[in-house]
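Asks:
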Amino acid sequence: MGKEPGSTKFQTDFRRHLREQNISGNLVHLLCEIAEASKYVINAVRTGDLGVAGTSNLYGEEQLALDVLSDRILRKRLMYSGVVCNIASEEMDEIFQVTSNPLGMFSVAYDPLDGSSLVDVNLAVGTIVGIYQGDNLLQPGRNMVGAMYILYGPRVSMVYSVGKGVYEFTMNHLMEFTLTREKVQMKPSGDIYSPGGLRKNYTPENEAYIRYLENKGSKLRYSGGFVPDINQILMKGKGIFMYPALTDSPNGKLRLLFELNPMAYLIEQAGGAATNGCMPILDMTPEGLDQRAPIYIGCKEDVAKATEFLNGVCA
14 MGKEPGSTKF QTDFRRHLRE QNISGNLVHL LCEIAEASKY VINAVRTGDL
64 GVAGTSNLYG EEQLALDVLS DRILRKRLMY SGVVCNIASE EMDEIFQVTS
114 NPLGMFSVAY DPLDGSSLVD VNLAVGTIVG IYQGDNLLQP GRNMVGAMYI
164 LYGPRVSMVY SVGKGVYEFT MNHLMEFTLT REKVQMKPSG DIYSPGGLRK
214 NYTPENEAYI RYLENKGSKL RYSGGFVPDI NQILMKGKGI FMYPALTDSP
264 NGKLRLLFEL NPMAYLIEQA GGAATNGCMP ILDMTPEGLD QRAPIYIGCK
314 EDVAKATEFL NGVCA
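When we follow our numbering, the leftmost residue of the sequence shown carries the number 14, and every step to the right adds one.
1. Short of 8 Å in beta carbon distance, which residues of its chain neighbour Asn39, apart from the five on each side in sequence? Order them along the chain.
2. Beta-carbon within less than 8 Å of Lys232's beta-carbon, same chain only, minus the 5 sequence neighbours each way: which residues are those?
3. Buried or exposed: Pro263, going by 16 or more other Cβ atoms within 10 Å of its Cβ?
4. Within the same chain, show all residues whose beta-carbon is closer than 6 Å to that of Gly67, passing over the 5 residues directly before and after it, in chain order.
5. Taking Phe190 and Ala48 to be in contact with their CB atoms under 8 Å, please state how far apart those CB atoms are, rounded to whole angstroms.
6. Which same chain residues end up closer than 7 Å to Arg305 when comparing Cβ atoms and leaving out the 5 residues on each side of it in sequence?
7. With a threshold of 7 Å on Cβ separation, who are the neighbours of Cys312 within its own chain once the five nearest residues in sequence on each side are excluded?
8. Report the partner residues of Ala287 according to the DSSP bridge assignment.
9. Hey, would you say Gly159 sits closer than 7 Å to Val175, going by beta carbons?
10. Asp84 lies in the alpha helix (DSSP H); which residues open and close that run?
11. How long is the line joining the alpha carbons of Ser113 and Glu107, rounded to whole angstroms?
12. Rounded to a whole number of angstroms, what is the C-alpha to C-alpha distance between Ala319 and Ala283?
13. Considering only the alpha carbon of each residue, which of Phe27, Tyr256, Tyr53 and Thr260 lies closest to Ser236?
14. Could you tell me the alpha carbon to alpha carbon distance between Ile294 and Lys249, rounded to whole angstroms?
15. Which of helix, strand or coil does DSSP assign to Asp242?
16. Helix, strand or coil for Val41 per DSSP?
17. Short check: CB of Gly128 to CB of Gly210, under 7 Å?
18. If you draw a straight line from the alpha carbon of Thr183 to that of Cys98, how long is it in whole angstroms?
19. From Thr25 to Leu192, what does the alpha carbon distance come to, in whole angstroms?
20. Start and end of the beta strand (DSSP E) containing Pro125?
21. Put Tyr278 into one of helix, strand or coil per three-state DSSP.
22. What is the DSSP secondary structure of Gly67, counted as helix, strand or coil?
23. I need the boundaries of the alpha helix (DSSP H) containing Leu226, first residue and last residue.
24. Does DSSP put Lys232 in a helix, a strand or coil?
25. I'd like the list of long-range same chain contacts for Asn324, defined as Cβ closer than 7 Å, with 5 residues on each side in sequence excluded.
26. Around the Cβ of Glu227, are there at least 16 other Cβ atoms within 10 angstroms (buried) or fewer (exposed)?
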């Protein structure tokens, strides 16, 4: 699953580690800028206004004050990074163009504070980020050059990949990120399942799959937050998260560009799999910022079994 903390080898800081990955200086700079922005986001989570902002996002959902503040923190950091040409946020109605010259630049899609409605009851939330070379955000997630999430829990941890494996960094008392796990790996199958959505709205195929998981002894572990649930599966190296097509929501709930693509990228880099039930998440081409899709993500064998139960549904 990757090496655990403990040896002096794990005192490597984030920037030094990135410089050893043989990636461009611009990408190193971008990832470090996001890491720096997260320090301000966690401060906002710990001390910020828990009320509503009086506005709504492009999905018609009421925005919380923390959503708006977190989005502003990340957007400004990206705008002034000098290496970003386009920005898409779950809290913005359209793509924000920083510069019309994409040469050597990146486009970034992010969910600034996924699970923000859980903050007022003190549950873990997170930031999700996907990075693309150039100015095109509406392309398959497999073309990403990097992805990461930051989990604001009892500890602040940052999990990232640039296509060379998955690494976890943890924020220390000086608010510095140091390496705690490297080359994180998923097992072929697991005994944890995290099912989103109301079960009474599951299709017969998904209901049958849940019964299969229960019969094989899988334990229900669902927090209501996408980042902490994926983090549990990834760091334990086992299990499956699913938010399927529902009878009243055939495309599920989660957004392809802002949530599914970055997480699918990280899980695949760790040897797992992610599908919408018909095709790999990373092979889907977003048709717009608001596109949603069902998701089955985690251990390869568990994901493959889900597609068996869904056989014929996509035809």
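Cβ coordinates follow ideal geometry from the N, Cα and C atoms, glycine included.
All figures in this text were calculated on a predicted structure; none of them were measured in a lab.
Replies: According to the structure shown:
1. The residues are Val96, Gly117, Met118 and Phe119.
2. If we look at Lys232 and ignore the five residues flanking it on each side, its Cβ neighbours are Asp204, Ile205 and Tyr206.
3. Pro263 comes out exposed.
4. Its pLDDT being 47, under 50, Gly67 is placed unreliably by the model, and the measurement read from it follows with that caveat. Scanning its chain for C-beta atoms nearer than 6 Å, with the 5 sequence neighbours on each side dropped, one finds no residue around Gly67.
5. Contact between Phe190 and Ala48 holds: CB atoms are separated by about 6 Å, below the 8 Å threshold.
6. Result list for Arg305: Asn264, Gly265, Lys266, Leu267, Arg268 and Leu269, in chain order.
7. Its chain contains Met199, Lys200, Pro201, Ser202, Gly203, Lys251, Gly252, Ile253 and Gly285 as the residues whose beta carbon lies nearer than 7 Å to that of Cys312, once the 5 sequence neighbours on both sides are disregarded; these appear in chain order.
8. BP columns for Ala287 point to Ile310.
9. Result yes, Cβ atoms of Gly159 and Val175 sit closer than 7 Å.
10. Ala78 to Met92 is the extent of the alpha helix (DSSP H) around Asp84.
11. Ser113 and Glu107 have their C-alpha atoms roughly 16 Å apart.
12. Going from the Cα of Ala319 to the Cα of Ala283 covers about 19 Å.
13. Looking at the Cα atoms, Tyr256 is the closest of the given residues.
14. Each residue's alpha carbon lies about 22 Å from the other.
15. Correct three-state label for Asp242: helix.
16. DSSP, read as helix, strand or coil, puts Val41 in helix.
17. No. Outside cutoff.
18. Cα-Cα distance, rounded: 29 Å.
19. Taking the straight line joining both Cα atoms gives about 6 Å.
20. DSSP places Pro125 in the uninterrupted beta strand (DSSP E) bounded by Phe119 to Asp127.
21. Correct three-state label for Tyr278: helix.
22. Bear in mind that a pLDDT of 47 at Gly67, under 50, signals an unreliable position, so the number given afterwards is only what the model happens to contain. Collapsing the DSSP output to three states places Gly67 in a strand.
23. That run of the alpha helix (DSSP H) goes Pro217 to Asn228.
24. DSSP places Lys232 within a strand segment (E or B) once states are collapsed to three.
25. So the list is empty, once near-sequence residues are dropped.
26. Exposed, because fewer than 16 other Cβ atoms sit within 10 Å of the Cβ of Glu227.
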